[in-house]
Each structure stands twice: as C-alpha cells, then as structure tokens.
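Trainee:
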Amino acid sequence: MKIIKLNLALAKKAKITQVINEAIAVINGGGLLIYPTETTYGIGADPHNQQAVDKVLQYKSRREGKPLSLAVADRAMAERYVAINDQAQNFYQRFLPGPYTVISELKTNCHIDPRVASEFGTLGIRIPNYPFTLELLKQLDRAITATSANASDKKRPYQINDILENISDKQKKLIDLIIDVGQLEKNEPSVVIDTTLSTPLTIRGQLDKQADFIEFSSQSANETQELAKRLMLKNWHKLKKQGLLFVMNGELGMGKTVFAKGIAKFLHIQEEITSPTYSYLNEYAFQKENTQGVFYHLDAWKIDQQAEFALLKIDRLLKANNVILIEWWDKVADFLTEEIKKQAIVLELSGHDNWRKIKLWETKKN
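Next up, the structure:
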C-alpha cells in the first residue's frame, strides 16, 4: 500500500499529472485506488476486471444484494454503460457533476463485471464535482467504481485516518494506492435516485426534504411489482436488523396483492401468492443469499376487534429477517403500539384500469 500526500492548492501541474498517471497504472493493473470526491473518499477499481471487482467486494464485505456504482467523467462516458431516459437526462442536467448517483438501465454491451450492477439490471452513475478526480477519469477514459472507501457500516471517510483506523490488516493489504488530499468537507453521501420506473425513486438521501410522502405512478401490475422489489432492496439493511412492516390501504382491485407478489419475487419465494382474505394470514419461508426469514401476508378486511387481531401476534412476528405486509391497514392501525407503527412503510393505492397512483410514507432510518 502506497500513500501519496497531495496538496491540491499548492501542487504544480506536473505533480498532479504524475499522481494521476500512478493512479491510472493502479487501475490498469487491476488494483484498488482510494481517491477523493466532493462527498467522501472513494474506493476505485476497474469494473471490467473480475479480479479488481473481487478485491472491492472483499474490501467492502458487501452486504447482500447491494450493488456498486460507477464514477465517470461526463455524460458521454456514462452512455457507454447505461441508457439515459428522459427522467435521467433531467437529473444529469440539473445535478451533475455533483453529489448525486443516477440509476439507469444497464447497457448489455458494456462488458462490466455483473456484480457491479443491481439484480434488476440497473447501474448507478456518479459524475463527481471534484476537478482532480474528473481529470483522472478523463485521462483514464473509462469508469471506475464509486463506492465509499469505508468498510461497510463503518465511519464515513472524510480523511484517510477514518479509513485506516477502521479496517483490518487484511483489508489494508488489498489497497494499492491512496491519494491523500487531506480533510474533506463533511458533506453527506450522494443522493441515489432510481430513474427506471415511471416515477423516480430515491434510494438514499432526500430530493425534497419538505415532502411528507412520495407519489408514484404505475402503468401496469409488473411495474407495481418492480416498485415493491426496489423498496425491498432499499430497506434490506432494516430487514436484517429489525424486520420490515409494509402496510397498505386501497379499494378492491387496486394492486395490494400484486405488490405482495413483488415482495415474494424479490425474496425468491416460489409459492403462488394469493390474498389471505379467508385465512387472514399466509406465511412463506424464504432464503435470499445468506438470509433466511418469513414473509407474512395479512388481510385485515374482516378484522374489527382488537382481541381478534391480537391472536395473530404481529408484535412477535416483526423481528429481524421477517417481512410483514398488512392489507386494509386502517382497520387495524389502532390495535398496534406506537413503537410498531413508527416502523411501518405506509402505502395508499388508487387508480383506474391499469394505471395506479401509489402514495408512500417512509419511516426514518433506524
């Protein structure tokens, strides 16, 4: 592991060029580079190189299902990797370069390691608002990975000691070069926006901090299921820590069970998902990668007594690795404690024909 200290305010152009050339040599050799951005230090590797991606995933001890993202120099470079639709184009024009990661459909001919993209065939793209890193990417003439340089769930890396003091010796041996430009400004990580559905979905951070809810438009049952799958991936860390509770309101035929089918598909459940109107509660065991749990699907349409609801013991079912979905939430909301209700991800469905409006109220991160 080599560390190059670089004072960008004082360094001459020749010195900066020398450091960029060393960084490019590391990337071309399949190595790991720690580099600065306007948010945190990132860990960079060649996404086309399987061994380099192996190193990134070993370094990050990546949580199940969490994709990587790529840093590029400009939109033209981004278009080598992803298809930029009208939604994505709007975000590129408004926010990039800057602390935003825009998720688009992966192009099939970009030949990156499949583990870099998400299981949905999507990929996040960053254009950092950091001149040194942009010049590095221009000279390299291809993307590098853009995940933060801290180990998973460790301190955000605003300076190099934040990294080195919180990783193991084994992780340190994976690093080939560190470009140390000193203390970075303590900005939030990039806002991550998925632009592959009819309505943009914020995966991390907030676009509109004043909004109490997000309103989605779904054009089909398949898109409603895709929304369910993306919300599962977004909240996977919560599932593993405390379980997930989805609660839904909406008239008959608005897609509540369709949403449940999307959750089941994400969890690789093979059984047919049907509305539990007569049984009240259906349960489906699942295993996704290394996580085993149970998906509980509750229809509260016929429940009107607290004693009747108490027999289902929802409070005991809501625990790490379990998912609960309650249809007709308004009928039983008063029967649960405030503590449990605070964990709920609330959805309200309405619409006509194949079109659905889905309002989403999300809880704060725990």
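Just so it is clear: in the sequence shown, position 139 is 139 by the numbering used here, and no numbers are missing.
Think of the CB as a built atom: it goes at the ideal place given N, C-alpha and C, for glycine as much as any other residue.
Would you report the Cα separation of W236 and A52, rounded to the nearest angstrom?
Mentor: By 1-based counting over the sequence shown, the position of residue 236 is 236. By 1-based counting over the sequence shown, the position of residue 52 is 52. Computed Cα separation, rounded: 26 angstroms.
Trainee: According to DSSP, L325 sits in a beta bridge with which residue or residues?
Mentor: For this step, residue 325 is matched to residue 325 along the sequence shown. According to DSSP, which records beta bridges pairwise, L325 is partnered with F246 and H297.
Trainee: Just reading off the alpha helix (DSSP H) that F95 is part of, what are its end residues?
Mentor: To locate residue 95, count along the sequence shown from 1; it is residue 95. First-last of the alpha helix (DSSP H) with F95: D86 to F95.
Trainee: Is the segment 66-78 close to the segment 194-203, with three or more CB pairs under 8 angstroms?
Mentor: Verdict: no, contact absent.
Trainee: Out of curiosity, what's the CA-to-CA distance linking W301 and W329?
Mentor: Translated into positions along the sequence shown, residue 301 becomes position 301. Translated into positions along the sequence shown, residue 329 becomes position 329. Those two C-alpha atoms are separated by around 9 angstroms.
Trainee: Quick one: Cα of N7 to Cα of T145, how far?
Mentor: For this step, residue 7 is matched to residue 7 along the sequence shown. For this step, residue 145 is matched to residue 145 along the sequence shown. Each residue's Cα considered, the two are about 24 angstroms apart.
Trainee: Quick one: is D176 buried, meaning 16 or more other Cβ sit within 10 Å of its Cβ, or exposed?
Mentor: Mapped onto the sequence shown, residue 176 falls at position 176. Buried: at least 16 other Cβ atoms inside 10 Å.
Trainee: Comparing C-alpha positions only, which one of W355, K66, L137 and K234 sits nearest to T37?
Mentor: By 1-based counting over the sequence shown, the position of residue 37 is 37. It is L137.
Trainee: In angstroms with no decimal places, state the Cα-to-Cα distance between E289 and L267.
Mentor: Taking the sequence shown and counting its residues from 1, the one referred to as residue 289 is at position 289. Taking the sequence shown and counting its residues from 1, the one referred to as residue 267 is at position 267. Rounded to the nearest angstrom, the two C-alpha atoms are 9 angstroms apart.
Trainee: For D46, which residues in the same chain have their Cβ closer than 6 angstroms to its Cβ, ignoring the five residues on either side in sequence?
Mentor: Indexing the sequence shown from 1 puts residue 46 at position 46. Within the same chain, D46 has close Cβ partners I27 and A52.
Trainee: Go ahead and label Y158 buried or exposed: buried means 16 or more other beta carbons lie within 10 angstroms of its beta carbon, across all protein chains shown.
Mentor: Counted from its first residue, the sequence shown places residue 158 at position 158. Buried, since its Cβ has 16 or more Cβ neighbours within 10 Å.
Trainee: For R316, is the classification buried or exposed, using 16 other Cβ atoms within 10 angstroms of its Cβ as the cut-off for buried?
Mentor: Residue numbering aside, residue 316 sits at position 316 when the sequence shown is read from its first letter. Exposed: under 16 other Cβ atoms inside 10 Å.
Trainee: If you check the beta carbons only, do I345 and E362 fall under 7 angstroms apart?
Mentor: Stepping through the sequence shown from its first residue, residue 345 is reached at position 345. Stepping through the sequence shown from its first residue, residue 362 is reached at position 362. Cβ distance < 7 angstroms, so I345 and E362 count as in contact.
Trainee: I'd like the ranges of any alpha helix (DSSP H) spanning at least 4 consecutive residues and lying wholly in the segment 194-281.
Mentor: Listed in chain order, the complete alpha helix (DSSP H) runs (minimum 4 residues) inside the segment 194-281 are 221-234, 236-242 and 256-266.
Trainee: Measuring CA to CA, which of I43, C110, M254 and K359 is closest to H352?
Mentor: Your numbering for residue 352 matches position 352 in the sequence shown. Checked all of I43, C110, M254 and K359; the closest Cα to H352 is M254.
Trainee: From which residue to which residue does the alpha helix (DSSP H) around K357 run?
Mentor: On the sequence shown, position 357 is the one that residue 357 refers to. Premise fails: K357 lies in the beta strand (DSSP E), W355 to W361, not in any alpha helix (DSSP H).
Trainee: Quick one: using the 10 Å Cβ neighbour count with 16 as the cut-off for buried, is Y376 buried or exposed?
Mentor: In the structure displayed, the chain extends from 1 to 366; residue 376 sits before or after that span and is not available.
Trainee: Between L201, I193, D141 and Y41, which lies nearest to N21 when the distance is taken from Cα to Cα?
Mentor: Here residue 21 refers to the residue found at position 21 of the sequence shown. Minimum Cα distance to N21 is reached at D141.
Trainee: By the three-class DSSP mapping on this structure, what secondary structure does T133 have?
Mentor: For the purposes of this step, residue 133 is identified with residue 133 of the sequence shown, where counting begins at 1. Helix.
Trainee: From this set, V116, A117 and I125, which residue's C-alpha is nearest E79's C-alpha?
Mentor: The count along the sequence shown starts at 1 and reaches residue 79 at position 79. When each option's Cα is compared against that of E79, the closest is I125.
Trainee: For K365, which three-state DSSP category applies?
Mentor: Here residue 365 refers to the residue found at position 365 when the sequence shown is read from its first residue. Interpretation of K365 is limited by its pLDDT of 38, a score under 50 that renders its predicted location unreliable; the figure taken from the coordinates is listed afterwards. K365 falls in the coil class under three-state DSSP.
Trainee: Look up F335 in the DSSP assignment and say whether it is helix, strand or coil.
Mentor: As a first step, residue 335 is located in the sequence shown; it is residue number 335 there, counting from the start. Helix.
Trainee: Just checking, does the segment 223-238 make contact with the segment 256-265 on the three C-beta pairs under 8 angstroms criterion?
Mentor: Touching, yes, given that three or more Cβ pairs across the two stretches are closer than 8 angstroms.
Trainee: When we look at the beta-carbon of T108 and count the other beta-carbons within 10 Å, is it buried (16 or more) or exposed?
Mentor: By one-based count along the sequence shown, residue 108 stands at place 108. When all chains shown are included, T108 counts as exposed.
Trainee: What do you get for P114, buried or exposed, if any count of 16 or more other CB atoms within 10 angstroms of its CB means buried?
Mentor: Locating residue 114 in the sequence shown gives position 114, where the first residue counts as 1. Looking at its Cβ environment, which holds fewer than 16 other Cβ atoms inside 10 Å, P114 is exposed.
Trainee: Within its chain, find whatever has a CB closer than 6 angstroms to the CB of L68; leave out the 5 residues flanking it on each side and keep chain order.
Mentor: The sequence position of residue 68 within the sequence shown is 68, counting from 1. Around L68: V116, T145 and T147.
Trainee: With distances taken between CB atoms, is the gap from E348 to K256 smaller than 7 angstroms?
Mentor: To locate residue 348, count along the sequence shown from 1; it is residue 348. To locate residue 256, count along the sequence shown from 1; it is residue 256. The answer is no: Cβ separation not under 7 angstroms.
Trainee: Rounded to whole angstroms, what's the CA-CA distance from D299 to L207? Just pull it up for me.
Mentor: Along the sequence shown, one-based indexing puts residue 299 at 299. Along the sequence shown, one-based indexing puts residue 207 at 207. C-alpha separation (whole angstroms): 33 angstroms.
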